[in-house]
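Numbering (the numbering used here), first residue to last: 69 to 384. All remarks here apply to the structure that follows.
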Ligand code: GDP
């Protein structure tokens, strides 16, 4: 019988678009989305997990597609009020969104794990796919800029990615363990594909891959590993991916992302706009439309990525 499970590594905005496509072309039980938690932080006394939340809202179809994060039909009374009191309002928390952070924080304080809270909230919101944090252990992305090391959300949201990035670190990662469900899935012998979503390699995918044992487990699964480029026509669709690549001395291109993933990749899906620049990529390249504007685009890219993985599996 053919293999069933698809394990998708994802950050927030770009990753969630493909995760939604995958969730619509696969039976719910067949998709396990590994969410980056390097972006997580504590703010206003709350435990916030931006990539888990984006995935949750997108997969539950309650997301706000305009910025790509947060909830649809959001209101901002809390933010307006806290701002008028002189409180911190640089990280935008809508009223509906706030409920999730308050509830997660309450449950974590009762001793539940992040993965337990995430699974229950996904179930309550009717999500069929499994969303699993990369680890229940604390990992925090740090950015070294001209002013020294700063917390990730300070760089990403408060300073809107303006500082030049010299180096990234994932505080806590050496002690972090991959979530056991991820390892169990990868060891099941039933993995059809490991898909690296079109997420920022440095701040969304590499924190996942940096967890001790994660890369080896992916390799040992025997499944084809296929990434989708987050770079289209030499640019990021959104966010600092291309800027960061330049600042880190890398080529800001689809090929540059493939080089960064190195021999982890068996397949690489790039846009028509980048077809000319991927001649030196050692993974097998598939050219597709990778800009996901509509729901149809998300499903079509999910299918193209799965087909690329299935073709690689047939060759083995
Ligand atoms: P974050 O955690 O919210 O920053 O989100 P991700 O890391 O998951 O996604 C950011 C990346 O998604 C950026 O590099 C974007 O270029 C990429 N991205 C966003 N939308 C699309 C899209 O429609 N197609 C592709 N190929 N990449 C996209």
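Note that beta-carbon positions come from the ideal geometry of N, C-alpha and C, so glycine has one too. Because the structure is a prediction, the values reported are computed rather than measured.
For residue i, the three-state DSSP class (helix, strand or coil)
i           : result
residue 350 : coil
residue 82  : helix
residue 170 : helix
residue 277 : helix
residue 94  : coil
residue 363 : helix
residue 374 : helix
residue 380 : helix
residue 99  : strand
residue 72  : coil
residue 20  : Residue numbering for the chain in the displayed model covers 69 to 384; residue 20 lies beyond these limits and cannot be assessed.
residue 193 : coil
residue 88  : helix
Cα-Cα separation between residue i and residue j, rounded to whole angstroms
i           : j           : result
residue 313 : residue 305 : 14 Å
residue 132 : residue 238 : 29 Å
residue 349 : residue 326 : 7 Å
residue 215 : residue 159 : 21 Å
residue 198 : residue 270 : 24 Å
residue 336 : residue 375 : 12 Å
residue 260 : residue 94  : 11 Å
residue 316 : residue 78  : 22 Å
residue 369 : residue 76  : 13 Å
residue 340 : residue 136 : 24 Å
residue 97  : residue 195 : 10 Å
residue 129 : residue 121 : 12 Å
residue 201 : residue 383 : 32 Å
residue 180 : residue 189 : 12 Å
residue 169 : residue 84  : 19 Å
residue 295 : residue 263 : 6 Å
residue 352 : residue 186 : 35 Å
residue 108 : residue 127 : 19 Å
residue 177 : residue 286 : 32 Å
residue 268 : residue 227 : 18 Å
residue 274 : residue 301 : 22 Å
For residue j and residue i, believed in contact at Cβ under 8 Å, the rounded distance
i           : j           : result
residue 265 : residue 103 : Their Cβ separation, rounded to whole angstroms, is 10 Å, which puts residue 265 and residue 103 out of contact at 8 Å.
residue 321 : residue 344 : With 8 Å as the limit, residue 321 and residue 344 do not qualify as a contact, their Cβ atoms being about 10 Å apart.
residue 209 : residue 236 : 6 Å
residue 81  : residue 307 : 7 Å
Residue i versus the options, residue with shortest Cα-Cα distance
i           : options            : result
residue 167 : 247, 213, 115, 129 : 115
residue 207 : 272, 354, 335      : 272
residue 367 : 155, 232, 90, 341  : 90
residue 171 : 192, 285, 152      : 192
residue 72  : 333, 335, 254, 321 : 254
residue 165 : 290, 140, 360, 151 : 140
residue 222 : 75, 369, 157, 371  : 157
residue 204 : 226, 263, 330, 106 : 106
residue 149 : 163, 136, 137      : 163
residue 183 : 234, 245, 217      : 245
residue 357 : 373, 351, 346, 345 : 373
residue 277 : 333, 290, 134      : 333
residue 293 : 108, 81, 378, 219  : 378
residue 225 : 361, 118, 347      : 118
residue 100 : 124, 111, 235      : 124
residue 279 : 297, 241, 329      : 241
residue 44  : 153, 173, 92       : No statement about residue 44 is possible, as the shown extent of the chain runs from 69 to 384 and does not include it.
residue 289 : 257, 281, 311, 303 : 257
residue 309 : 154, 330, 381, 230 : 230
Residue i CB to nearest heavy atom of the ligand NAP below 7 Å
i           : result
residue 266 : In the structure shown, the ligand NAP is absent; the only ligands present are the ligand GDP.
- Residue ranges of each alpha helix (DSSP H) run of no fewer than 4 residues wholly in the region 242-275, ordered along the chain? 248-255
- Can you list, in chain order, the stretches of the beta strand (DSSP E) that have 3 or more residues and sit fully within the region 196-241? 198-201, 208-213, 216-219, 235-239
- Message: Ignoring anything shorter than 3 residues, give me the beta strand (DSSP E) runs that lie fully in the region 305-358, in order along the chain.
- Response: 335-339, 352-356
- Those runs of the alpha helix (DSSP H) which lie wholly inside the region 104-135 and span at least 4 residues: 118-127
- Query: Where in the region 135-167 do unbroken runs of the alpha helix (DSSP H), each at least 4 residues long, occur, reported from the N-terminal end onward?
  - Reply: 145-152
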